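Protein chains in written order, with our numbering: chain V, 1 to 90; chain Z, 1 to 369.
Scroll down for the structure; my scribbles are underneath it.
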Amino acid sequence: MKPSDRPRLPRGVRLHHDRVRDTPVLLGPEVALMLDPIGKAVLDEIDGLSDLAVISHRLAERYGAPVATVAEDVAEFLEGLAARRLVEVR
Amino acid sequence: MRDVPAPTAPPPLAMLAELTHRCPLSCPYCSNPLELTARQAEMSAEDWARIFREAAALGVLQLHLSGGEPASRPDLAEIVRSAREAGLYTNLITSGIGLTPRRLEELDAAGLDHVQLSVQGVTPEIADRMGGYQGGFARKMQTAVEIARIGFPLTINAVMHRHNLDDLPATLALAADLGARRIEVACVQFQGWALKNRAALQPSRAQVEAAKRTVAEARRIYAGRMAIDFVPPDYFADFPKACMNGWGSTGLNIAPDGKVLPCHAAEIIPGLVFQNARETPLAEIWNGPAFSAFRGTDWLPEPCQSCERRDIDYGGCRCQAMALIGDAKATDPIYRRSPFRGEVDRMIAAETTAAPPPFVYRKLARIAG
Numbered sequence: 001m002k003p004s005d006r007p008r009l010p011r012g013v014r015l016h017h018d019r020v021r022d023t024p025v026l027l028g029p030e031v032a033l034m035l036d037p038i039g040k041a042v043l044d045e046i047d048g049l050s051d052l053a054v055i056s057h058r059l060a061e062r063y064g065a066p067v068a069t070v071a072e073d074v075a076e077f078l079e080g081l082a083a084r085r086l087v088e089v090r
Numbered sequence: 001m002r003d004v005p006a007p008t009a010p011p012p013l014a015m016l017a018e019l020t021h022r023c024p025l026s027c028p029y030c031s032n033p034l035e036l037t038a039r040q041a042e043m044s045a046e047d048w049a050r051i052f053r054e055a056a057a058l059g060v061l062q063l064h065l066s067g068g069e070p071a072s073r074p075d076l077a078e079i080v081r082s083a084r085e086a087g088l089y090t091n092l093i094t095s096g097i098g099l100t101p102r103r104l105e106e107l108d109a110a111g112l113d114h115v116q117l118s119v120q121g122v123t124p125e126i127a128d129r130m131g132g133y134q135g136g137f138a139r140k141m142q143t144a145v146e147i148a149r150i151g152f153p154l155t156i157n158a159v160m161h162r163h164n165l166d167d168l169p170a171t172l173a174l175a176a177d178l179g180a181r182r183i184e185v186a187c188v189q190f191q192g193w194a195l196k197n198r199a200a201l202q203p204s205r206a207q208v209e210a211a212k213r214t215v216a217e218a219r220r221i222y223a224g225r226m227a228i229d230f231v232p233p234d235y236f237a238d239f240p241k242a243c244m245n246g247w248g249s250t251g252l253n254i255a256p257d258g259k260v261l262p263c264h265a266a267e268i269i270p271g272l273v274f275q276n277a278r279e280t281p282l283a284e285i286w287n288g289p290a291f292s293a294f295r296g297t298d299w300l301p302e303p304c305q306s307c308e309r310r311d312i313d314y315g316g317c318r319c320q321a322m323a324l325i326g327d328a329k330a331t332d333p334i335y336r337r338s339p340f341r342g343e344v345d346r347m348i349a350a351e352t353t354a355a356p357p358p359f360v361y362r363k364l365a366r367i368a369g
């Protein structure tokens, strides 16, 4: 994934709050992915408009972490989801 | 004296709702039980809506609307709407027969999340022979075009066996052409009607090995475009499958009349009492006798109890142990350490070297009178 890529959730994939387990979850075809706070924070930033560079900057600022490390982690996380067709890139 | 409540199991994630056992197709590997539920006994859309709300409150996230053919119900869109209102991720498992463009648009408006379309073969000849329905393949392909037009995410579901495993590369290509994001390549599991047709469906070891190579290669070819799930045939495996990810751990099945099962084949196990969601709250059923019968690992006999794989496969499939050796508590007989594994190997060898017998097609029993 490149810094200029703009990720988005494709149709049929959505964030959901699981009230019973009190945890955020990514729902998609045959998938219910329980999210940790970091995964949730990354997916919350995905709006189909912001590119990876912008998303990484926002998260780095919010968590006071080096942007290069954040960018690497975000790309790895989203690439994993993209391989399962749970994230699309424009 | 007060009753001490039974320990509460972790909640289920998924629910399979068999809305009807009616189906225009009559595939000889149908996962429905041999004794099918008649239309008169089917629950109403209101019953289903209440069960969906109970399921969501219990912790279910994923709902699979199945059958039979769920489109055989004229009130399918209403059922989908109530599932979405309950907050469930709603998947439709369909042959595509009976889904006109107008009905698909109604399902879209009702909030259907995902469509899983079965394919019985890659040509009209094989597909219509497997489904026992002339013209079914052509209609299914029309439905697939409409699904893509509306934009539903699509999974292709292909049950593979002796008669179509050699077409696996073409099956994968067909799914990609139809725009599927996922394909489930499921080698037939011998329960229900498939068990009755085992000798007719049993693939050869050479077919299975070729399929594994095809899938490994296809995962590279279709990487990022189409995800491939592969269910190998457990008869050819050394270890049993962790059936249902462990009995009563992940999911529940509701039959058309409201009977709640830990898996679709569980009715073959004698002595289990299945409660009905029409009469009993789902949360109570989840903690009830049928779901507790083989839950966890405390009940496991030897050699499973002291096995290092105990918490990986939970002794395998209960219905398979029942079907093959008549003891639902035994180690799954496909396990290499089962004393019955030799018999399984001899049975596979006998079935795959003989010419395939004719199919026994799935049929609803006619109601007398």
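Built from N, CA and C at the ideal position, the CB exists for glycine as well.
None of the values given here were measured: they were computed from a predicted structure.
Sequence-distant residues of the same chain with beta carbon closer than 6 Å to residue i, five excluded per side
i, result
"L172/Z", "A218"
"P10/V", "E88"
"A71/V", "S56"
"F340/Z", "I325 and P333"
"M1/Z", "Any reading at M1/Z needs caution, since the residue's pLDDT is 47, under 50, leaving its predicted position unreliable; the model's value is listed next. Here the set comprises nothing."
"D238/Z", "R336"
"I269/Z", "M322 and A328"
"E267/Z", "P33"
"A127/Z", "Q120, G121 and F137"
"D229/Z", "E184"
"K140/Z", "G96"
"A45/Z", "D75, E78 and I79"
"L63/Z", "M15, A83, L88 and T90"
"H16/V", "V25 and L27"
Other residues of its chain near residue i: CB distance less than 7 Å, five sequence neighbours each side excluded
i, result
"R205/Z", "F236"
"L58/Z", "P11, P12, L282, A283 and W286"
"T100/Z", "none"
"I348/Z", "Q202 and Y235"
"G288/Z", "Q275"
"D47/Z", "G258 and R278"
"C304/Z", "R310, G315 and T331"
Length of the line joining the Cα atoms of residue i and residue j
i, j, result
"L16/Z", "E54/Z", "14 Å"
"V80/Z", "R181/Z", "22 Å"
"D257/Z", "P24/V", "34 Å"
"Q320/Z", "P37/V", "41 Å"
"A148/Z", "C30/Z", "26 Å"
"T155/Z", "Q191/Z", "23 Å"
"R39/Z", "E69/Z", "12 Å"
"E85/Z", "A41/Z", "25 Å"
"G369/Z", "G315/Z", "At G369/Z the pLDDT is 37, less than 50, meaning the model places this residue with poor confidence and gives no usable figure here."
"G111/Z", "P153/Z", "12 Å"
"T297/Z", "A290/Z", "15 Å"
"F52/Z", "G87/Z", "9 Å"
"T168/Z", "T214/Z", "The sequence given here places Leu at residue 168/Z; Thr does not occur at that position. Between L168/Z and T214/Z, the C-alpha separation is close to 7 Å."
"S85/V", "L78/V", "Reading off the sequence, residue 85/V comes out as Arg, not Ser. Each residue's alpha carbon lies about 10 Å from the other."
"G64/V", "D73/V", "14 Å"
"T157/Z", "G179/Z", "Residue 157/Z is actually Asn in this sequence, not Thr. Roughly 13 Å between the two C-alpha positions."
"N253/Z", "V67/V", "47 Å"
"L96/V", "A83/V", "Residue 96/V is absent from the structure shown; chain V starts at 1 and stops at 90."
Rounded Cβ spacing between residue i and residue j (contact assumed at less than 8 Å)
i, j, result
"Y89/Z", "L117/Z", "The pair is not a contact, with the Cβ atoms about 17 Å apart (cut-off 8 Å)."
"R73/Z", "L19/Z", "5 Å"
"G135/Z", "C27/Z", "That belief does not hold up - the Cβ atoms of G135/Z and C27/Z are roughly 15 Å apart, past 8 Å."
"A186/Z", "M160/Z", "7 Å"
"L26/V", "L49/V", "The pair is not a contact, with the Cβ atoms about 19 Å apart (cut-off 8 Å)."
"E456/Z", "A199/Z", "No answer is possible for residue 456/Z: it lies beyond the span of chain Z, which begins at 1 and ends at 369."
Spatial neighbours of residue i in its chain, beta-carbon cut-off 8 Å, leaving aside the 5 residues before and after
i, result
"V20/V", "none"
"L65/Z", "A17, L19, L76, I79, V80, A83, T90, N91, L92 and I93"
"R6/V", "G48, L49, S50, D51, L52, V89 and R90"
"R62/V", "A41"
"L364/Z", "H21, R22, L36 and A38"
Residues that DSSP places opposite residue i in a beta bridge
i, result
"L33/V", "L26/V"
"G251/Z", "A14/Z"
"P339/Z", "None, per the DSSP bridge assignment."
"D93/V", "Residue 93/V cannot be examined here, being either before or after the span of chain V that is shown, 1 to 90."
"Y89/Z", "Q62/Z"
"M160/Z", "C187/Z"
"T155/Z", "Q116/Z and R182/Z"
"L261/Z", "N253/Z"
"H16/V", "V25/V"
"E88/V", "R8/V"
"T214/Z", "In DSSP, T214/Z forms no bridge with anything."
"D229/Z", "E184/Z"
"N276/Z", "K259/Z"
"T94/Z", "L117/Z"
Residue i at chain C interface by Cβ criterion, 8 Å
i, result
"H114/Z", "No chain C appears in the structure shown, which is made up of the protein chains V and Z."
* Mind the definition here: the stretch 187-198 of chain Z touches the stretch 45-55 of chain V only if three or more C-beta pairs lie below 8 Å; say whether that holds. => no
* Asked: Is the stretch 239-254 of chain Z in contact with the stretch 216-230 of chain Z, if contact means three or more CB pairs nearer than 8 Å?
  -> Short answer: they don't touch.
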